[in-house]
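Asker:
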Amino acid sequence: MAPSFDLAVSSLLCAEENCIFDNNDGDDETVVEEFVMAPYYLRTGRNRNSRRGGGGDGLLFMSDECLIEMVEKEAQHLPVDGYLVKLQNGELDVGARKEAVDWIEKVSAHFSFGPLCTYLAVNYLDRFLSAYDLPKGKAWTMQLLAVACMSLAAKLEETEVPLSLDLQVGGSKFVFEARTIERMELLVLTTLGWRMQAVTPFSFIDHYLHKIHDDKLSIKMSIARSIHLLLNIIQGIDFLEFKPSEIAAAVAISVAGEAQSVDPERAIPLLIQQLQMERVMKCLKLINGMLICGGGSMKDSRVSMSEPRSPSGVLDVTCLSYKSNDTAVGSCANSSHHNSSEATKRRRLNRPCEVEL
Numbered sequence: 037m038a039p040s041f042d043l044a045v046s047s048l049l050c051a052e053e054n055c056i057f058d059n060n061d062g063d064d065e066t067v068v069e070e071f072v073m074a075p076y077y078l079r080t081g082r083n084r085n086s087r088r089g090g091g092g093d094g095l096l097f098m099s100d101e102c103l104i105e106m107v108e109k110e111a112q113h114l115p116v117d118g119y120l121v122k123l124q125n126g127e128l129d130v131g132a133r134k135e136a137v138d139w140i141e142k143v144s145a146h147f148s149f150g151p152l153c154t155y156l157a158v159n160y161l162d163r164f165l166s167a168y169d170l171p172k173g174k175a176w177t178m179q180l181l182a183v184a185c186m187s188l189a190a191k192l193e194e195t196e197v198p199l200s201l202d203l204q205v206g207g208s209k210f211v212f213e214a215r216t217i218e219r220m221e222l223l224v225l226t227t228l229g230w231r232m233q234a235v236t237p238f239s240f241i242d243h244y245l246h247k248i249h250d251d252k253l254s255i256k257m258s259i260a261r262s263i264h265l266l267l268n269i270i271q272g273i274d275f276l277e278f279k280p281s282e283i284a285a286a287v288a289i290s291v292a293g294e295a296q297s298v299d300p301e302r303a304i305p306l307l308i309q310q311l312q313m314e315r316v317m318k319c320l321k322l323i324n325g326m327l328i329c330g331g332g333s334m335k336d337s338r339v340s341m342s343e344p345r346s347p348s349g350v351l352d353v354t355c356l357s358y359k360s361n362d363t364a365v366g367s368c369a370n371s372s373h374h375n376s377s378e379a380t381k382r383r384r385l386n387r388p389c390e391v392e393l
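If you count by our numbering, then the sequence shown holds residues 37 to 393, one letter each, in order.
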């Protein structure tokens, strides 16, 4: 008798892929998963027709019970404890992180990715850096990580995802082969335990804004401002101290105060029932400081970028190998000749290398 379809599929799955079918995520409530996923306005114009639940204004309404479950679940999608301290004391390169985040934002703007896609890519980046030590003195590894995180986030959130080579815009110093990126994606997936449907401040912001505002017009205006603030927040490291629910509550209060549509003193008690007031207020203070310094000012986020040349002319990485679950994997990309002007824009790895990540 021929083997069953389920058995045949199971036999083809490697250990890393099998783990997504474990019981690790099986106990997550479907209703919670629904609110983790993006509301329509967080998706690109191509995705906005796929709305999920909610009222006539497209907002998702969350029960208090669901909110409590979300608050409990969010801890699974945070960087490892001590990550912020390592960035602050120089143990981890905060400048390299900033360059990676800047690149992610440029690529998101270039391809008109939704704000949640951008936020998820940075979330993956921070969680990976907190759990895995990249080789020292290899600047290209951080860029490869940024490309992998952007690619994974786009695959999760976008309906039209560029090819790996096309994704590498925004003044990239290196350009990587598709198979190199795919293997880095696998390393990211396994390091993060395949928990990619992360709880973010966007998971809570609808609920908080709806609790504060009475009219739909105020809510929609506040949504746009909240999205802008959240995308400014991920650029720095200070907000890594806070949980997504705390950031969302602080942003909602800040936006209400800016618009003068709601008294912040009245808004605070409405939002902190499941949260620690001291932490929300500390986060709000940081947001206000960012606004005073101009970090949250409204501006055009679109950045003019030049596309890289054709793949045959820009494959710079010659070899990469790393270990995943004690199994060594690697890929090699043929280096190609660049003219002198191109060489000044992109750094090349001139000889074959073998680097363990």
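Using N, Cα and C, we set each Cβ at its ideal position, and we do this for glycine too.
Keep in mind it's a predicted model, so treat the numbers as computed, not measured.
Keeping to the same chain, check which residues put their C-beta closer than 6 Å to that of D162; ignore five residues upstream and five downstream.
Answerer: Here residue 162 is taken as the residue at index 126 of the sequence shown, counted from 1. Cβ within range, chain order: P115.
Asker: Is the beta carbon of V205 closer than 8 Å to that of H146?
Answerer: Position 110 of the sequence shown, counted from the first residue, corresponds to residue 146. Position 169 of the sequence shown, counted from the first residue, corresponds to residue 205. Yes, Cβ-Cβ distance for H146 and V205 is below 8 Å.
Asker: How would you call T394, buried or exposed, if buried means at least 16 neighbouring beta carbons within 10 angstroms?
Answerer: This structure gives no information on residue 394, because the portion of the chain shown stretches from 37 to 393.
Asker: On the criterion of 16 or more Cβ atoms from any shown chain inside 10 Å, does I323 qualify as buried, or is it exposed?
Answerer: The count along the sequence shown starts at 1 and reaches residue 323 at position 287. With 16 or more Cβ atoms within 10 Å of its Cβ, I323 is classed as buried.
Asker: Starting from V137, trace the alpha helix (DSSP H) in both directions and tell me its first and last residue.
Answerer: As a first step, residue 137 is located in the sequence shown; it is residue number 101 there, counting from the start. Unbroken alpha helix (DSSP H) run through V137: V130 to F147.
Asker: For C185, which residues of its own chain have a beta-carbon under 6 Å away from its beta-carbon, when the five flanking residues on both sides are left out?
Answerer: Numbered from 1 along the sequence shown, position 149 holds the residue referred to as residue 185. Hits under 6 Å: A157, Y160 and L161.
Asker: Closest by CA to I283, which one among W230, R315, G272 and R261?
Answerer: For the purposes of this step, residue 283 is identified with residue 247 of the sequence shown, where counting begins at 1. It is R315 whose Cα lies nearest to the Cα of I283.
Asker: So the candidates are A175, T154, V143 and A260; which of them puts its Cα closest to the Cα of L128?
Answerer: For the purposes of this step, residue 128 is taken as residue 92 along the sequence shown, with counting starting at 1. Out of A175, T154, V143 and A260, A175 has the C-alpha closest to the C-alpha of L128.
Asker: If you draw a straight line from the C-alpha of A111 to the C-alpha of F278, how long is it?
Answerer: What you label residue 111 is simply residue 75 of the sequence shown in a count that begins at 1. What you label residue 278 is simply residue 242 of the sequence shown in a count that begins at 1. Using only the alpha carbons, I get a separation of about 10 Å.
Asker: Could you say which of G325, L311, T227 and T226 lies nearest to F275 if we only look at CA atoms?
Answerer: Taking the first residue of the sequence shown as position 1, residue 275 is located at position 239. Closest by alpha carbon: G325.
Asker: Out of curiosity, what's the CA-to-CA distance linking E213 and L267?
Answerer: The residue given as residue 213 occupies position 177 in the sequence shown. The residue given as residue 267 occupies position 231 in the sequence shown. The alpha-carbon atoms of E213 and L267 are separated by roughly 29 Å.
Asker: So M326 is in the alpha helix (DSSP H); what residue range does that whole segment cover?
Answerer: Here the question's residue 326 lines up with position 290 in the sequence shown. Where M326 is concerned, the enclosing alpha helix (DSSP H) stretches over M313 to I328.
Asker: Report yes if the C-beta distance between V414 and L320 is below 8 Å; otherwise report no.
Answerer: Not covered by the structure: residue 414. The range shown for the chain is 37 to 393.
Asker: Taking just the CA atoms, how far does G229 sit from K318?
Answerer: Position 282 of the sequence shown holds residue 318. Position 193 of the sequence shown holds residue 229. Approximately 31 Å between the Cα atoms of the pair.
Asker: The alpha helix (DSSP H) spanning M178 covers which residue range?
Answerer: Position 142 of the sequence shown, counting from 1, holds the residue named residue 178. A175 to E193 is the span of the alpha helix (DSSP H), which, as asked, contains M178.
Asker: The alpha helix (DSSP H) that contains P171, what's its start and end?
Answerer: One-based indexing of the sequence shown puts residue 171 at position 135. From DSSP, P171 is part of no alpha helix (DSSP H); its letter is neither H nor E.
Asker: What does the Cβ neighbour count give for G150, buried or exposed, with the cut at 16 atoms within 10 Å?
Answerer: On the sequence shown, position 114 is the one that residue 150 refers to. G150 is buried by the Cβ-count criterion.
Asker: Is it buried or exposed, S148, if we count other Cβ atoms within 10 angstroms and call 16 or more buried?
Answerer: What you label residue 148 is simply residue 112 of the sequence shown in a count that begins at 1. Exposed, by the Cβ-count rule.
Asker: State the start and end residues of the unbroken alpha helix (DSSP H) segment that holds A214.
Answerer: Against the sequence shown, residue 214 aligns to sequence position 178. Note, A214: alpha helix (DSSP H), A214 to T227.
Asker: If Y155 sits next to F240, beta carbons under 8 Å apart, how far is it from one beta carbon to the other, in whole angstroms?
Answerer: Start at 1 with the first residue of the sequence shown, and residue 155 comes out as number 119. Start at 1 with the first residue of the sequence shown, and residue 240 comes out as number 204. Incorrect: roughly 12 Å between the Cβ atoms, too far for contact.
Asker: Looking only at its chain, what residues have a beta carbon closer than 7 Å to the beta carbon of R311, apart from the 5 residues adjacent to it on each side?
Answerer: For the purposes of this step, residue 311 is taken as residue 275 along the sequence shown, with counting starting at 1. The sequence given here has Leu at residue 311, not Arg. Here the set comprises S281, E282 and A285.
Asker: Cβ of A190 within 8 Å of Cβ of C153?
Answerer: As a first step, residue 190 must be located in the sequence shown, where it is residue number 154. As a first step, residue 153 must be located in the sequence shown, where it is residue number 117. Contact flag set, yes.
Asker: In angstroms, rounded to a whole number, what distance separates the CA positions of I259 and Q233?
Answerer: Here residue 259 is taken as the residue at index 223 of the sequence shown, counted from 1. Here residue 233 is taken as the residue at index 197 of the sequence shown, counted from 1. Answer to the nearest angstrom: the Cα atoms are 21 Å apart.
Asker: Report, in whole angstroms, the separation of the C-beta atoms of L170 and I273, which I expect to be a contact under 8 Å.
Answerer: By 1-based counting over the sequence shown, the position of residue 170 is 134. By 1-based counting over the sequence shown, the position of residue 273 is 237. At roughly 17 Å, the Cβ-Cβ gap does not stay under 8 Å, so L170 and I273 are not in contact.
Asker: Within 10 Å of its beta-carbon, does E196 have 16 or more other beta-carbons around it, so buried, or fewer, so exposed?
Answerer: Within the sequence shown, numbered from 1, the residue matching residue 196 stands at position 160. It is exposed - the Cβ of E196 has fewer than 16 other Cβ atoms within 10 Å.
Asker: Could you tell me which of V235, G293, E194 and S208 sits nearest to I248, measuring between CA atoms?
Answerer: Here residue 248 refers to the residue found at position 212 when the sequence shown is read from its first residue. Of the listed residues, the one whose Cα sits closest to I248 is G293.
Asker: How would you write the range of the alpha helix (DSSP H) that I241 sits in, first residue to last?
Answerer: Counted from its first residue, the sequence shown places residue 241 at position 205. Element bounds for I241: F238 to I248.
Asker: Could you check what DSSP says for K209 in three-state terms: helix, strand or coil?
Answerer: Position 173 of the sequence shown, counting from 1, holds the residue named residue 209. DSSP places K209 in coil when its eight states are reduced to three.
Asker: Alpha carbons only, please: which of T227, S200, K209 and R231 is nearest the one belonging to E218?
Answerer: Taking the first residue of the sequence shown as 1, we reach residue 218 at position 182. Checking every option, the nearest Cα to that of E218 belongs to S200.
Asker: Let me make sure I understand the geometry here. Which of I263, Q179, E105 and V224 has the alpha-carbon closest to that of S208?
Answerer: As a working note, residue 208 is residue 172 in the sequence shown. Comparing Cα positions, the closest option is Q179.
Asker: Give the DSSP-derived three-state secondary structure of R261 in the structure shown.
Answerer: As a position in the sequence shown, residue 261 is number 225, starting the count at 1. R261: helix per DSSP, three-state reduction.
Asker: Please classify V391: does DSSP put it in a helix, a strand, or coil?
Answerer: Along the sequence shown, one-based indexing puts residue 391 at 355. A caution first: V391 carries a pLDDT of 43, below 50, which makes its placement in the model unreliable, though a value can still be read off. Coil, per DSSP.
Asker: If you follow the alpha helix (DSSP H) that D202 is part of, which residue opens it and which one closes it?
Answerer: As a position in the sequence shown, residue 202 is number 166, starting the count at 1. Counting along the chain, the alpha helix (DSSP H) containing D202 begins and ends at S200 to L203.
Asker: Roughly how many whole angstroms lie between the Cα atoms of V224 and A136?
Answerer: Counting from one through the sequence shown, the residue named residue 224 turns up at place 188. Counting from one through the sequence shown, the residue named residue 136 turns up at place 100. Going by the C-alpha atoms only, they are around 15 Å apart.
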